[in-house]
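K.L.:
This is the structure I want to talk about, given as structure tokens.
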Amino acid sequence: MKKFFSTFVFVLNAFLIEAQELITYPAPQGVLYTQHNDDYTVKVRKPGGEWQDLFEYIVRVDMDKVQDASMVYFDFSGKVEVYVRKNNGTLQSVRVRPLSKGIQPVVSGNVITFVLDKPSKLSVEFNGDKLHNLHLFASEIEKDRPDPKDPNVMYFGPGVHAPKDSPGDVYRVPSGKTVYIAGGAVVRAKFVCDRVENVRIIGRGILDQPQRGVEVTHSKNVLIDGIIVVNPKHYTVYGGASQNLTIRNLKSFSANGWSDGIDLMSCSDVVIDDVFMRNSDDCIAIYAHRWDFYGNARNYSITNSTLWADIAHPTNIGLHGNTNTEGDTIENITFKNIDILEQDEDDPDYEGCMAISGGDLNLIRNIRYENIRVDDFEEGQLVNIRVLYNKKYNTGPGRNISNIYFKNITYTGNNSAGSFIGGLDAAHSVKGLTFENLYINGKKILNHKDANIKIGDFAEGIQFK
Numbered sequence: 007m008k009k010f011f012s013t014f015v016f017v018l019n020a021f022l023i024e025a026q027e028l029i030t031y032p033a034p035q036g037v038l039y040t041q042h043n044d045d046y047t048v049k050v051r052k053p054g055g056e057w058q059d060l061f062e063y064i065v066r067v068d069m070d071k072v073q074d075a076s077m078v079y080f081d082f083s084g085k086v087e088v089y090v091r092k093n094n095g096t097l098q099s100v101r102v103r104p105l106s107k108g109i110q111p112v113v114s115g116n117v118i119t120f121v122l123d124k125p126s127k128l129s130v131e132f133n134g135d136k137l138h139n140l141h142l143f144a145s146e147i148e149k150d151r152p153d154p155k156d157p158n159v160m161y162f163g164p165g166v167h168a169p170k171d172s173p174g175d176v177y178r179v180p181s182g183k184t185v186y187i188a189g190g191a192v193v194r195a196k197f198v199c200d201r202v203e204n205v206r207i208i209g210r211g212i213l214d215q216p217q218r219g220v221e222v223t224h225s226k227n228v229l230i231d232g233i234i235v236v237n238p239k240h241y242t243v244y245g246g247a248s249q250n251l252t253i254r255n256l257k258s259f260s261a262n263g264w265s266d267g268i269d270l271m272s273c274s275d276v277v278i279d280d281v282f283m284r285n286s287d288d289c290i291a292i293y294a295h296r297w298d299f300y301g302n303a304r305n306y307s308i309t310n311s312t313l314w315a316d317i318a319h320p321t322n323i324g325l326h327g328n329t330n331t332e333g334d335t336i337e338n339i340t341f342k343n344i345d346i347l348e349q350d351e352d353d354p355d356y357e358g359c360m361a362i363s364g365g366d367l368n369l370i371r372n373i374r375y376e377n378i379r380v381d382d383f384e385e386g387q388l389v390n391i392r393v394l395y396n397k398k399y400n401t402g403p404g405r406n407i408s409n410i411y412f413k414n415i416t417y418t419g420n421n422s423a424g425s426f427i428g429g430l431d432a433a434h435s436v437k438g439l440t441f442e443n444l445y446i447n448g449k450k451i452l453n454h455k456d457a458n459i460k461i462g463d464f465a466e467g468i469q470f471k
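Note that the numbering used here has the sequence shown beginning at 7, numbered continuously upward.
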């Protein structure tokens, strides 16, 4: 029995050692690539193993005052130890967000260390500085690496890539293709999926400064998984009139005007999961008709994500629609298990960490926000729900907003701008909003006054429980 137990322990230990896997990626090679930031030195290792240096990328943030922040990435299973040294100035304080991850680093001089036991997307902030912070992306080990020789694979290995013969720095993706961007690869182009089906854009590499990151228009069954998009001139993911779109483990930074994160127009049956969006415009926006995209927007699941709006909205629903018909419907949308790290917007027309702006004859209904954690933000509102007629963007008012449910919402901070809920007139109203377990600075809120929510005209059926 003793021999059997010893053998079992040996096999178990061997399995556990095997389960501790760590994959880091080479620094991009080539004269075209100089995007290194030396604000921090970052290393990772298996517990007790040899430290491995990571390449610290420059990512530009906050178009109001564009700054160079830092980003690193790697993959692991089991546990991994992380080492971060602040190279400039003296470390006085540090926090690792989202705070919901519960990471308390060990501090020694200008060095911090901590252990991860699950994939995480983190902001490491020294001395309260959110403009020169370190973004750390630790993903799970890839399970599906395609064969580079497969004729249905567009493969981008480590190194810097750009189209040679394509105007506008574009790679067009045909139906049935897999685009694989390997860790250590930097692609300076956008990927266009137009009128295609069954496409995957996957990997661990980077799209660097494209016009847009990925366009998905008039298409079906498109997967975007694992990539990083750094400083596109406009959108990270631009979607129009498409169905069955899945976006997972996407990481995004932008610092230009109209450089939204994920903007989807007249798209339905959408899954967005485990994304990190830091954008200088809306992080996630859901619209009906716009430009040459027509149709309703239905059935969205947005989960397990972190949103950081350096300006505009972390989440936004409903501004654009079709006033040449009876109007579009935007419905059945769930945001669940979301950390909102920032909003900084001084224009009252575009405030709201959770915003529904019903314009252009849109009917908006059955929207649910659950387990949403909002950190202190610079300027804006927690909630903004309005039927409106925005003269800058609309050609008509929205119809109605109804059946909106907020459950387990927490806000911790000092912003006192409050929130707003209101309709436009008796025919264009807001009806049926429920707040269940709303907490502000640890206090459970049971009425709109304690929540600092202004209830405007033509809003009814608002309850707290």
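Glycine included, each C-beta is placed from N, C-alpha and C at the ideal position.
(1) Tell me whether Pro403 sits in a helix, a strand or coil according to DSSP, three-state version.
(2) Near Pro154, what residues of its chain come up, given a Cβ to Cβ distance below 8 Å and the 5 sequence neighbours on each side ignored?
(3) Taking all protein chains shown into account, decide if Glu442 is buried (16 or more other Cβ within 10 angstroms of its Cβ) or exposed.
(4) Helix, strand or coil for Tyr356, going by three-state DSSP, please let me know.
(5) Just to confirm, are Ala247 and Phe299 a CB contact at a threshold of 7 Å?
(6) Quick one: what does DSSP say Ser272 is sitting in, helix, strand or coil?
(7) Mapping DSSP to helix, strand and coil, what is Ser76?
(8) Mind checking whether Val166 and Pro53 have CB atoms under 7 Å apart?
(9) For Ile308, I'd like the list of residues in its chain whose CB is within less than 6 Å of its CB, leaving aside the five on either flank, ordered along the chain.
(10) Should the segment 76-83 be called in touch with the segment 99-115, which here means at least 3 C-beta pairs below 8 Å?
(11) On the three-state DSSP scale, how would you describe Asp70?
(12) Look at the alpha carbon of Thr184 and the alpha carbon of Ala291, and state the distance between them as a whole number of angstroms.
(13) Is Leu140 helix, strand or coil when you go by DSSP?
(14) Pull up the distance between the alpha-carbon of Leu313 and that of Thr242, whole angstroms please.
(15) Just tell me which of Asn390, Leu256 and Leu367 has its CA closest to the CA of Tyr356.
(16) By the DSSP assignment, the beta strand (DSSP E) with Asn396 in it spans what residues?
(17) Tell me whether the segment 365-384 and the segment 323-340 touch, counting them as touching only if at least three CB pairs, one residue from each stretch, are closer than 8 Å.
(18) Cys359 and Gly327 look like a contact to me (Cβ under 8 Å); what is the Cβ gap, rounded to whole Å?
(19) Leaving aside the five residues before and after Thr416 along the sequence, list all residues of the same chain whose C-beta is less than 6 Å from its C-beta, in chain order.
(20) Let me check understanding here. Comparing Cα to Cα, which of Asn204, Val88 and Arg66 lies closest to Gly55?
(21) Would you call the segment 83-102 in contact with the segment 263-273, where contact means no fewer than 3 C-beta pairs closer than 8 Å?
(22) Ala303 and Ala315 look like a contact to me (Cβ under 8 Å); what is the Cβ gap, rounded to whole Å?
(23) With distances taken between CB atoms, is the gap from Lys257 to Phe143 smaller than 7 Å?
(24) When the Cα atoms are used, what is the spatial distance from Gly115 to Leu60?
(25) So, at 7 Å on beta carbons, what are the nonlocal neighbours of Asp463 in its own chain, with the 5 sequence-adjacent residues on each side left out?
(26) Would you kindly check if the distance between the Cβ of Gly211 and the Cβ of Ala195 is under 7 Å?
(27) Quick one: is Glu62 buried, meaning 16 or more other Cβ sit within 10 Å of its Cβ, or exposed?
(28) Closest to Ser126 by CA distance: which of Asp150, Phe132, Val112 and Pro104 is it?
(29) Skipping 5 residues on each side, what residues in its chain have a beta carbon closer than 6 Å to that of Val65?
(30) Verify whether the separation of the beta carbon atoms of Leu213 and Val228 is less than 7 Å.
(31) Return the Cβ separation of Gly301 and Ser272 in integer angstroms, given the expectation that the two are a contact with Cβ distance under 8 Å.
P.N.:
Quick answer:
(1) Taking the sequence shown and counting its residues from 1, the one referred to as residue 403 is at position 397. If DSSP states are grouped into helix, strand and coil, Pro403 belongs with the strands.
(2) What you label residue 154 is simply residue 148 of the sequence shown in a count that begins at 1. If we look at Pro154 and ignore the five residues flanking it on each side, its Cβ neighbours are Tyr161, Gly163 and Tyr186.
(3) Here residue 442 corresponds to residue number 436 of the sequence shown, with the count starting at 1. With fewer than 16 Cβ atoms within 10 Å of its Cβ, Glu442 is classed as exposed.
(4) Here residue 356 refers to the residue found at position 350 of the sequence shown. If DSSP states are grouped into helix, strand and coil, Tyr356 belongs with the helices.
(5) Within the sequence shown, residue 247 is the residue found at index 241, counting from 1. Within the sequence shown, residue 299 is the residue found at index 293, counting from 1. Cβ atoms of Ala247 and Phe299: closer than 7 Å.
(6) Counting from one through the sequence shown, the residue named residue 272 turns up at place 266. Looking at Ser272 - three-state DSSP - the assignment turns out to be coil, as it is neither helix nor strand.
(7) Within the sequence shown, numbered from 1, the residue matching residue 76 stands at position 70. Residue state, collapsed to three classes: strand.
(8) Counted from its first residue, the sequence shown places residue 166 at position 160. Counted from its first residue, the sequence shown places residue 53 at position 47. No. Outside cutoff.
(9) Translated into positions along the sequence shown, residue 308 becomes position 302. The residues are Ile278 and Phe341.
(10) no
(11) Position 64 of the sequence shown, counting from 1, holds the residue named residue 70. Helix.
(12) Position 178 of the sequence shown, counting from 1, holds the residue named residue 184. Position 285 of the sequence shown, counting from 1, holds the residue named residue 291. When rounded, the distance between both Cα atoms is 26 Å.
(13) Here residue 140 refers to the residue found at position 134 of the sequence shown. If DSSP states are grouped into helix, strand and coil, Leu140 belongs with the strands.
(14) Mapped onto the sequence shown, residue 313 falls at position 307. Mapped onto the sequence shown, residue 242 falls at position 236. Their Cα atoms are separated by approximately 14 Å.
(15) As a working note, residue 356 is residue 350 in the sequence shown. Minimum Cα distance to Tyr356 is reached at Asn390.
(16) Working through the sequence shown from its first residue, we reach residue 396 at position 390. Unbroken run through Asn396: none, as it is neither H nor E.
(17) yes
(18) For this step, residue 359 is matched to residue 353 along the sequence shown. For this step, residue 327 is matched to residue 321 along the sequence shown. Rounded, the Cβ-Cβ distance is 22 Å, inconsistent with contact.
(19) Sequence index remark: in the sequence shown, residue 416 carries index 410 (1-based). Taken in chain order, the residues that qualify are Arg379 and Tyr445.
(20) Taking the first residue of the sequence shown as position 1, residue 55 is located at position 49. Nearest C-alpha to Gly55: Val88.
(21) no
(22) Along the sequence shown, read from residue 1 onward, the residue named residue 303 stands at position 297. Along the sequence shown, read from residue 1 onward, the residue named residue 315 stands at position 309. Not really, about 20 Å apart at Cβ, beyond 8 Å.
(23) Within the sequence shown, residue 257 is the residue found at index 251, counting from 1. Within the sequence shown, residue 143 is the residue found at index 137, counting from 1. Yes; because the gap between Cβ atoms is below 7 Å, this pair is in contact.
(24) The count along the sequence shown starts at 1 and reaches residue 115 at position 109. The count along the sequence shown starts at 1 and reaches residue 60 at position 54. Distance between the alpha carbons of Gly115 and Leu60 is about 21 Å.
(25) The residue labelled residue 463 in the question sits at position 457 within the sequence shown. Result list for Asp463: Gly428 and Gly429, in chain order.
(26) What you label residue 195 is simply residue 189 of the sequence shown in a count that begins at 1. What you label residue 211 is simply residue 205 of the sequence shown in a count that begins at 1. No, these two residues do not count as a Cβ contact at 7 Å.
(27) As a working note, residue 62 is residue 56 in the sequence shown. Counting Cβ neighbours within 10 Å, Glu62 comes out buried, since at least 16 surround it.
(28) The residue given as residue 126 occupies position 120 in the sequence shown. It is Pro104.
(29) Position 59 of the sequence shown holds residue 65. Closer than 6 Å at Cβ, skipping near neighbours: Ala75, Met77, Val236 and Phe259.
(30) On the sequence shown, residue 213 is found 207 positions in, with the first residue counted as 1. On the sequence shown, residue 228 is found 222 positions in, with the first residue counted as 1. Not closer than 7 Å, so no.
(31) Stepping through the sequence shown from its first residue, residue 301 is reached at position 295. Stepping through the sequence shown from its first residue, residue 272 is reached at position 266. About 4 Å; that satisfies the 8 Å criterion.
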